[in-house]
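Remarks on the structure that follows.
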Amino acid sequence: MLTAPVLALVLTCLASLVLFAALGKPAGAALHALLLKPFLSWYSFSEVLLKMAPLLLIAQGLAIGFRANVFNIGAEGQFIVGALCASALPVYFPDGDFPLMLPAMIAFGALGGTVYALIAAALRTRFGASEILVTLMLALIAVQILNYLLLGPWKDPRGFNFPQTVMFPDNAMLPILFDGTRTNISLIFALLASVFAYLMMQHHFRGYQLRTAGLAPRAALYAGFSAPRMVWLGLGLGGLAAGIAGASEVAGPLGQLQRSVTSGYGYAAIIVAYVGGLNPLGIIGSSFLISVIYIGGDSATVSAGLPVAAVEVFQGLLLFFYLMTFTLIRFRIEIDRKVPA
Amino acid sequence: MSGLEFLLAGTLAASLPLLLAALGEMVVEKTGLLNLGLEGMMAIGAAIAFICVYHTGSHLLGFAAAALMSTFVAMLFAILVIGVKANEVAAGLAIGVLGLGLSALFGKSYESLTIKGLPKIDIPILSDIPVIGPTLLTQDIVVWLSILGTVALWWVLNRTKLGLIIAAVGENADAARSIGYPVVMIRLIAVAFGGAMCGLAGAYASTVYTPLWADGMIAGRGWIALALVVFGTWQTGRVAFGALLFGILSLGELTAQAMGVGLPSQVLSSLPYLVTILMLVVISRRRSGLI
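Same order as they appear, the protein sequences are chains A and B.
Read in order, the letters of the first sequence are residues 1 to 341 in full-length UniProt numbering.
Read in order, the letters of the second sequence are residues 1 to 291 in full-length UniProt numbering.
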């Protein structure tokens, strides 16, 4: 099970080495920074864990849908809407005088993300509209909603005209997990989601239904598993996870709603889900790996002069090689020399 | 220049990257595939074209290099989807992310440099027509060539045997294969064509429309092009019309001012996506199948 991702990682490293060297960058130093630096200090390792929380959470939600052939590509949008809904409370109660502020924010975020994803489920089950394109379009619309709020009604009046909201009050912030770091309890949410995903997908009948719907849609149909229900469930759980992740982002490292909330976690989580083999345990590993690369990428900009985009190149190559090795390992190639009539 | 004149002069150029990328993707989707990597293929095309024009001064070379590079990235998609039958959604995203990353990796050191764009061509008589002459009808060579190319593509898809074969491959690959059409080859060529068109679209964006390169300069135009294919219901003429419409919308704030509309620009920027969702709902009611 580990062969494909490990092989993909090795190939990705080799390809990046060649690429960086061809661009005249110190390739060895770049790879060292990308893959090893994050482990060399407790603080940078804690940053890896901070990054890992949203990626892991979103990817677990998405993978459930992907296994049922429900392709939610717009987790980024559900993430943004989750962040927006959660931010509404501290924006309108900036003094923090709202009972149970933090739990309410997480609940708002979860609800927002879920509802936003379910729009696609409704259009798919009612009209047959492709959820791939609908979720993608909704994600692009979410960015515009975010821009509108940050430039207009939600802009911090004392924020020197920056597109951001007020800083959140203390009771709107997630508790820190380890003193002296930014790692917060959203990592616990993500790990709990992983346990839930594992139990549901591997040990519960609903997971069996979802997997069957993905592997053999006709068999699922004959067995009487409701196809619309799989769509609702696949999209809803993906949106739920992304919404909670979005809420955790504003209530965690950001501490306010700002444009950088659209940092692409929703898209990166798709890569995480696939490289993790759509398997709840595998996704824990892949989210850790991708987070290491994010943090390593930051230090590579300093130590090896790489642009931040090197992280994207690495992610893209990783998914490319994973998809390739995955099939080549599973299947044996036979060249059929007979030309079909 | 008044708002209306600005729109008349600017719309075609603003629409062009959308049009080229969307027509390429339309052909890909007509053969039954879906490549979500447009944004990345446009980005790498834009970077390569800029670098090439900066060093050689030749737009022709720039466009050619961009088309080649984006075709190469599209071939990576083909290897995954046609070659090893990987999931096309994941494959499209993989090359999309890769293209975006590579564009920044190559282009970073060219940021804030400038090159010359292409001159607008004065066509005798046409350019003398009042109002639209000096605006709508005074365009660069790429615009005129693209209009010709669009007509040519329409002709190939609707009036030739090749067009029929492409449609057959997309609608029923097994049937097409069983009567001897080279399904794999047709799809491979379509994906390559889609890549090349994205490369040209990116090249136009970075060397003609705004002759400079900046990280993230494609700014979602790949996604709009993807939406455009659906909006145009896979028909050349409608895609071209949609490109003009989305092009006007992409001029967003300026358009709003020109029309005296008091809407926030974000509403206008969201319109292509909203309309596409609406379009998906309307056409999906009549069609079965995923896309």
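Glycine included, each C-beta is placed from N, C-alpha and C at the ideal position.
Beta-carbon of A/Gln315 versus every beta-carbon of chain B: anything under 7 Å? Within the first sequence, numbered from 1, the residue matching residue 315 of chain A stands at position 315. Output row for A/Gln315: interface = yes.
The alpha helix (DSSP H) with A/Ala310 in it runs from where to where? Within the first sequence, the letter at position 310 stands for residue 310 of chain A. 310 to 330 is the span of the alpha helix (DSSP H), which, as asked, contains A/Ala310.
Give the C-beta separation of B/Ala192 and B/Ala74 to the nearest angstrom, bearing in mind that I take them to be a contact with Cβ-Cβ under 8 Å. Start at 1 with the first residue of the second sequence, and residue 192 of chain B comes out as number 192. Start at 1 with the first residue of the second sequence, and residue 74 of chain B comes out as number 74. Their Cβ separation, rounded to whole angstroms, is 6 Å, which keeps B/Ala192 and B/Ala74 in contact under 8 Å.
Let me make sure I understand the geometry here. Which of B/Val27, B/Glu25, B/Leu105 has the alpha-carbon closest to that of A/Gly24? Here residue 24 of chain A refers to the residue found at position 24 of the first sequence. By alpha-carbon distance to A/Gly24, the top candidate from B/Val27, B/Glu25, B/Leu105 is B/Leu105.
For A/Ala190 and A/His204, the rounded distance between their alpha carbons: Reading the first sequence from its first residue, position 204 is the one you call residue 204 of chain A. Reading the first sequence from its first residue, position 190 is the one you call residue 190 of chain A. Cα to Cα, A/His204 sits roughly 20 Å from A/Ala190.
DSSP three-state assignment for A/Ile176, whether helix, strand or coil: Here residue 176 of chain A refers to the residue found at position 176 when the first sequence is read from its first residue. The answer is strand: DSSP assigns A/Ile176 an E or B state.
In or out: A/Val143 buried (at least 16 other Cβ within 10 Å) or exposed? Along the first sequence, one-based indexing puts residue 143 of chain A at 143. It counts as buried.
Three-state secondary structure (DSSP) at A/Gln258? Working through the first sequence from its first residue, we reach residue 258 of chain A at position 258. The DSSP-derived three-state label of A/Gln258 is strand.
The alpha helix (DSSP H) that contains B/Leu226, what's its start and end? Working through the second sequence from its first residue, we reach residue 226 of chain B at position 226. From DSSP, the alpha helix (DSSP H) with B/Leu226 extends over 221 to 231.
Pull up the distance between the alpha-carbon of A/Leu187 and that of B/Trp213, whole angstroms please. Working through the first sequence from its first residue, we reach residue 187 of chain A at position 187. Working through the second sequence from its first residue, we reach residue 213 of chain B at position 213. In a straight line, the C-alpha of A/Leu187 is about 39 Å away from that of B/Trp213.
Is B/Ile277 close to chain A? Criterion is C-beta to C-beta, closer than 7 Å. Along the second sequence, read from residue 1 onward, the residue named residue 277 of chain B stands at position 277. Contacts with chain A at 7 Å (Cβ-Cβ) include B/Ile277.
Have a look at A/Tyr222 and A/Gly159 and give me their C-alpha separation to the nearest angstrom. Numbered from 1 along the first sequence, position 222 holds the residue referred to as residue 222 of chain A. Numbered from 1 along the first sequence, position 159 holds the residue referred to as residue 159 of chain A. Inter-residue distance for A/Tyr222 and A/Gly159 is about 59 Å (C-alpha atoms, whole angstroms).
Go through its chain and collect everything with a Cβ distance to A/Thr183's Cβ below 6 Å, but skip five positions before and after it. Residue numbering aside, residue 183 of chain A sits at position 183 when the first sequence is read from its first letter. If we look at A/Thr183 and ignore the five residues flanking it on each side, its Cβ neighbours are Ser46, Leu49, Leu50, Leu177.
Counting only Cβ pairs nearer than 9 Å, list the residues of chain A close to B/Val169. Reading the second sequence from its first residue, position 169 is the one you call residue 169 of chain B. Under the 9 Å cutoff, chain A gives no residues; its nearest Cβ is about 14 Å from B/Val169.
For A/Asn147, which of helix, strand or coil comes out of DSSP? The sequence position of residue 147 of chain A within the first sequence is 147, counting from 1. Correct three-state label for A/Asn147: helix.
Under a CB-based cut-off of 7 Å, is B/Val84 close to chain A? For this step, residue 84 of chain B is matched to residue 84 along the second sequence. Chain A, which has a Cβ nearer than 7 Å to the Cβ of B/Val84, makes this yes.
Tell whether a beta-carbon distance below 7 Å holds between B/Gly202 and B/Ala66. Here residue 202 of chain B refers to the residue found at position 202 of the second sequence. Here residue 66 of chain B refers to the residue found at position 66 of the second sequence. B/Ala66 sits close to B/Gly202, with the two beta carbons spaced by under 7 Å.
In whole angstroms, what is the alpha-carbon distance linking A/Ala245 and B/Ile115? The count along the first sequence starts at 1 and reaches residue 245 of chain A at position 245. The count along the second sequence starts at 1 and reaches residue 115 of chain B at position 115. Rounded to the nearest angstrom, the two C-alpha atoms are 43 Å apart.
Counting only C-beta atoms, is B/Lys108 closer than 7 Å to chain A at any point? Position 108 of the second sequence, counted from the first residue, corresponds to residue 108 of chain B. So, interface residue.
With distances taken between CB atoms, is the gap from A/Ala4 to A/Ile335 smaller than 7 Å? For the purposes of this step, residue 4 of chain A is taken as the residue at position 4 of the first sequence. For the purposes of this step, residue 335 of chain A is taken as the residue at position 335 of the first sequence. Between A/Ala4 and A/Ile335, the C-beta spacing is not below 7 Å.
Which same chain residues, not among the five before or five after A/Ile73, have their C-beta less than 6 Å away from its C-beta? Translated into the one-based positions of the first sequence, residue 73 of chain A becomes position 73. Counting only Cβ-Cβ distances below 6 Å, and skipping sequence neighbours, we find Ile132, Thr135, Leu136.
For A/Thr327, which residues in chain B fall below 9 Å Cβ to Cβ? The residue given as residue 327 of chain A occupies position 327 in the first sequence. Within chain B, the residues Leu80, Gly83, Val84, Lys85, Ala86 have their CB atoms less than 9 Å from the CB of A/Thr327, given in chain order.
Three Cβ pairs or more, each shorter than 8 Å: is that satisfied between the region 35 to 49 of chain B and the region 235 to 246 of chain B? Taking 8 Å as the limit for Cβ pairs, the verdict is that the region 235 to 246 of chain B does not touch the region 35 to 49 of chain B.
Assuming A/Ala213 contacts A/Phe196 under a Cβ cut-off of 8 Å, what Cβ separation, rounded to an integer in Å, is found between them? In the first sequence, counting from the first residue as 1, residue 213 of chain A sits at position 213. In the first sequence, counting from the first residue as 1, residue 196 of chain A sits at position 196. At roughly 19 Å, the Cβ-Cβ gap does not stay under 8 Å, so A/Ala213 and A/Phe196 are not in contact.
Where does B/Asn87 sit, in a helix, a strand or coil, going by DSSP? Taking the first residue of the second sequence as position 1, residue 87 of chain B is located at position 87. Three-state result, B/Asn87: coil.
Endpoints, the alpha helix (DSSP H) within which B/Tyr110 is located: Mapped onto the second sequence, residue 110 of chain B falls at position 110. Note, B/Tyr110: premise wrong, no alpha helix (DSSP H); not H, not E.
Let me know the secondary structure DSSP gives A/Asn184 once reduced to three states. Within the first sequence, residue 184 of chain A is the residue found at index 184, counting from 1. Here A/Asn184 carries a strand assignment [DSSP, helix/strand/coil].
Let me confirm a value: A/Asn161 is counted as buried when at least 16 other C-beta atoms fall within 10 Å, else exposed. Which label applies? Start at 1 with the first residue of the first sequence, and residue 161 of chain A comes out as number 161. A/Asn161 should be labelled exposed.
Ends of the alpha helix (DSSP H) at B/Lys161? Here residue 161 of chain B corresponds to residue number 161 of the second sequence, with the count starting at 1. Bounds of the alpha helix (DSSP H) holding B/Lys161 are 161 to 171.
Shorter than 7 Å from the beta carbon of A/Ile64 to some beta carbon of chain B? Locating residue 64 of chain A in the first sequence gives position 64, where the first residue counts as 1. Not closer than 7 Å to any Cβ of chain B, the Cβ of A/Ile64 fails to qualify, so no.
Taking buried to mean at least 16 other C-beta atoms within 10 Å of its own C-beta, is A/Glu312 buried or exposed? For the purposes of this step, residue 312 of chain A is taken as residue 312 along the first sequence, with counting starting at 1. It is buried - the Cβ of A/Glu312 has at least 16 other Cβ atoms within 10 Å.
Tell me which residues share the same chain as B/Gly289 and place their Cβ nearer than 7 Å to its Cβ, disregarding the 5 neighbours each side in the sequence. Taking the first residue of the second sequence as 1, we reach residue 289 of chain B at position 289. Bear in mind that a pLDDT of 45 at B/Gly289, under 50, signals an unreliable position, so the model cannot answer this.
Exposed or buried, B/Trp155, counting other C-beta atoms within 10 Å across all chains shown (16 or more means buried)? Taking the second sequence and counting its residues from 1, one reaches residue 155 of chain B at position 155. Label assigned to B/Trp155: exposed.
In the DSSP output, which residue or residues are listed as bridge partners for A/Gln164? Residue numbering aside, residue 164 of chain A sits at position 164 when the first sequence is read from its first letter. Its beta-bridge partners are A/Gln258.
Please name the residue, chosen from A/Leu118, A/Pro153, A/Pro38, that lies closest to A/Gln164 on a Cα-to-Cα basis. To locate residue 164 of chain A, count along the first sequence from 1; it is residue 164. In this structure, A/Pro153 is the residue among A/Leu118, A/Pro153, A/Pro38 with its C-alpha nearest to the C-alpha of A/Gln164.
Ordered along the chain, which non-local residues of its own chain (more than five positions away) have a Cβ less than 6 Å from that of B/Asp215? Translated into positions along the second sequence, residue 215 of chain B becomes position 215. Excluding residues within five positions, the ones whose Cβ falls inside 6 Å are Ala104.
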